[in-house]
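Novice: Just passing along the structure, written as structure tokens.
Number of protein chains: 2
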Amino acid sequence: MSKGDNVVVLDFWASPFCARVKIALEEKGVPHVDNEEDLFGKKSELLLKSNPIHQKVPVFLHNDKPVLESGIIVSYIDQVWSSNPLLPADAYDLAQARFLADFIDKKVFDTGRSIWASNGEEREVGTRDFIEVLKHLEEALGEKDYFGGDVFGYVDIIAIPHSAWFLAYEKLGNFKVEDHSPKISAWIKRSLQRESVKKVLPDPEKVYQFVLHFRKISGLE
Amino acid sequence: MSKGDNVVVLDFWASPFCARVKIALEEKGVPHVDNEEDLFGKKSELLLKSNPIHQKVPVFLHNDKPVLESGIIVSYIDQVWSSNPLLPADAYDLAQARFLADFIDKKVFDTGRSIWASNGEEREVGTRDFIEVLKHLEEALGEKDYFGGDVFGYVDIIAIPHSAWFLAYEKLGNFKVEDHSPKISAWIKRSLQRESVKKVLPDPEKVYQFVLHFRKISGLE
Numbered sequence: 001m002s003k004g005d006n007v008v009v010l011d012f013w014a015s016p017f018c019a020r021v022k023i024a025l026e027e028k029g030v031p032h033v034d035n036e037e038d039l040f041g042k043k044s045e046l047l048l049k050s051n052p053i054h055q056k057v058p059v060f061l062h063n064d065k066p067v068l069e070s071g072i073i074v075s076y077i078d079q080v081w082s083s084n085p086l087l088p089a090d091a092y093d094l095a096q097a098r099f100l101a102d103f104i105d106k107k108v109f110d111t112g113r114s115i116w117a118s119n120g121e122e123r124e125v126g127t128r129d130f131i132e133v134l135k136h137l138e139e140a141l142g143e144k145d146y147f148g149g150d151v152f153g154y155v156d157i158i159a160i161p162h163s164a165w166f167l168a169y170e171k172l173g174n175f176k177v178e179d180h181s182p183k184i185s186a187w188i189k190r191s192l193q194r195e196s197v198k199k200v201l202p203d204p205e206k207v208y209q210f211v212l213h214f215r216k217i218s219g220l221e
Numbered sequence: 001m002s003k004g005d006n007v008v009v010l011d012f013w014a015s016p017f018c019a020r021v022k023i024a025l026e027e028k029g030v031p032h033v034d035n036e037e038d039l040f041g042k043k044s045e046l047l048l049k050s051n052p053i054h055q056k057v058p059v060f061l062h063n064d065k066p067v068l069e070s071g072i073i074v075s076y077i078d079q080v081w082s083s084n085p086l087l088p089a090d091a092y093d094l095a096q097a098r099f100l101a102d103f104i105d106k107k108v109f110d111t112g113r114s115i116w117a118s119n120g121e122e123r124e125v126g127t128r129d130f131i132e133v134l135k136h137l138e139e140a141l142g143e144k145d146y147f148g149g150d151v152f153g154y155v156d157i158i159a160i161p162h163s164a165w166f167l168a169y170e171k172l173g174n175f176k177v178e179d180h181s182p183k184i185s186a187w188i189k190r191s192l193q194r195e196s197v198k199k200v201l202p203d204p205e206k207v208y209q210f211v212l213h214f215r216k217i218s219g220l221e
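In the order they appear, the protein sequences are chains A and B. Here full-length UniProt numbering is used: position 212 in the first sequence is 212, and no number is missing along the way. Here full-length UniProt numbering is used: position 64 in the second sequence is 64, and no number is missing along the way.
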């Protein structure tokens, strides 16, 4: 990389997937321009051109070349701006980090969604499923400060943005994350003290209001 | 790694995900023991202990330490047995390979399943969706011999095992892969000439019979 690098994130403020990319860039000290997309209106030409298959944010543009999928983008950033590595160097540690990131990708947002984008029994099932996911994460974290061990690393970056949605899940699912996963709660508080996380994550109350708005326009309220 | 390496794959003969791991091991010349799991009967204690969350094959055991998820396993194998690299070294090429592997993971087996595990309109939709996926892959392959370019690499290993199921998709979906994606057809023939692929992939006719058996016991026929 050089000083002339042009780094752009096609972004949506509430997206935990976009937040991963922005936190990784903050951790690496890479200046970037975040272009907010209007996901409920017309998507930008640049988004459609850069991600024709999924048409989703985040898109990461490095000197105009697109990199897609948040976990892949964070890995790319870690390889290109290689000081303060986020991914473990050891093959086995790396495979374990990737497995946990994959578990988070498959489970956290979707079980969360089944709480906030539903009602009645479906929401009850969603809440139970989400609490199960929390328990797996609690076990994976164990007694460590971070998923990366002593240092905030790849899995932490993958996981922490979801926490901005937890208030919405708690209010709509009528439970407390802390009651089911006290270590995860402590890890969230610890991570929120980091400059990168503090700077990037949206206010959970604002996310909750966004979810309520979404429920209203979707006919769920 | 050392000569004393103990390499075990918890396997299922028809699984394209297990085949990825076995092809990677063949490409690297790593001796391995494949333990066939009875997925319709009782899963082994070793499987349940090694993959408590998903309880799925493949599980890769390297000196008794489990590595999970086929794409992660292939990356692990490539890092540990590092001669003849499968993954691109360049960050941008790597991100593109990972994106395509992710697309294949999300789309190929599931759209295929919506052909063979359905009937009527659902199957018609599944067939159309699968042909769309083929067209994306045809475009991604372009004029190259392999997804990896001149050499058979990571994306080829991720993709080729699915081809053993294509006969079943064709017969049940009433279409020909070749009619929609001639370059993919040629790539399959080319890849099947490789020793690793030839040795690992099951006979498509046997997979088709397996699918028919599955349809019968599931009440679909």
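Cβ coordinates follow ideal geometry from the N, Cα and C atoms, glycine included.
Taking the beta carbon of Glu27 of chain B as the centre, do at least 16 other beta carbons fall within 10 Å, making it buried, or is it exposed?
Specialist: When all chains shown are included, Glu27 of chain B counts as buried.
Novice: Could you check whether the Cβ of His162 of chain B sits closer than 8 angstroms to any Cβ belonging to chain A?
Specialist: No, because no Cβ of chain A sits closer than 8 angstroms to the Cβ of His162 of chain B.
Novice: Closest by CA to Ile77 of chain A, which one among A:Phe40, A:Glu124, A:Lys56 and A:Ala24?
Specialist: When only C-alpha atoms are compared, the closest one is A:Ala24.
Novice: Counting C-beta neighbours from all protein chains within 10 Å, is the total for Phe17 of chain B 16 or more, i.e. buried, or is it exposed?
Specialist: Phe17 of chain B is buried by the Cβ-count criterion.
Novice: With DSSP run on the structure shown, which of helix, strand or coil describes Lys198 of chain B?
Specialist: Three-state result, Lys198 of chain B: helix.
Novice: Ordered along the chain, which non-local residues of its own chain (more than five positions away) have a Cβ less than 6 angstroms from that of Gly173 of chain B?
Specialist: Around Gly173 of chain B: Ile115 and Thr127.
Novice: Look up His32 of chain B in the DSSP assignment and say whether it is helix, strand or coil.
Specialist: Note: His32 of chain B maps to coil in three-state DSSP.
Novice: With DSSP collapsed to three states, give me the class of Pro161 of chain A.
Specialist: In this structure, Pro161 of chain A counts as helix in the three-state DSSP scheme.
Novice: Give a yes or no on whether the C-beta atoms belonging to Lys65 of chain A and Tyr92 of chain B are separated by under 8 angstroms.
Specialist: Yes. Within cutoff.
Novice: Using a Cβ-Cβ distance cut-off of 8 angstroms, determine whether Gln79 of chain A contacts chain B.
Specialist: It does; some Cβ of chain B falls within 8 angstroms.
Novice: Relative to chain B, which residues along the stretch 39 to 68 of chain A have a C-beta separation below 7 angstroms, given in chain order?
Specialist: So the close ones are Ile53, Lys65, Val67 and Leu68.
Novice: Would Asp11 of chain A be called buried (16 or more neighbouring beta carbons within 10 Å of its own) or exposed?
Specialist: Asp11 of chain A is buried by the Cβ-count criterion.
Novice: If we define contact as Cβ-Cβ less than 8 angstroms, is His180 of chain B a contact residue for chain A?
Specialist: False, the Cβ-Cβ gap to chain A never drops below 8 angstroms.
Novice: How long is the line joining the alpha carbons of Pro204 of chain B and Tyr169 of chain B, rounded to whole angstroms?
Specialist: Whole-angstrom Cα-Cα distance: 10 angstroms.
Novice: When you compare the CB of Asn32 of chain A with every CB in chain B, is at least one pair closer than 8 angstroms?
Specialist: Rather than Asn, the amino acid found at residue 32 of chain A in this sequence is His. Closer than 8 angstroms: no.
Novice: So, are the CB atoms of Ile157 of chain B and Val74 of chain B less than 8 angstroms apart?
Specialist: Contact: yes.
Novice: Can you tell me whether DSSP reads Phe60 of chain A as helix, strand or coil?
Specialist: In this structure, Phe60 of chain A counts as strand in the three-state DSSP scheme.
Novice: Using a Cβ cut-off of 8 angstroms (strictly closer), state whether His136 of chain B contacts chain A.
Specialist: With 8 angstroms as the cut-off, His136 of chain B counts as an interface residue toward chain A.
Novice: In angstroms, rounded to a whole number, what distance separates the CA positions of Met1 of chain A and Gln79 of chain A?
Specialist: For Met1 of chain A, the predicted structure reports a pLDDT of 48, less than 50, and the residue's modelled location is therefore unreliable. A value from the coordinates is still provided. So the alpha carbons of these two residues sit roughly 11 angstroms apart.
Novice: Does the CB of Tyr76 of chain B have a neighbour CB from chain A at under 8 angstroms?
Specialist: Cβ-Cβ to chain A under 8 angstroms: yes for Tyr76 of chain B.
Novice: Could you tell me which chain B residues have their CB closer than 9 angstroms to the CB of Ile188 of chain A, listed as they occur along the chain?
Specialist: Neighbours of Ile188 of chain A on chain B: none; closest Cβ ~22 angstroms, over 9 angstroms.
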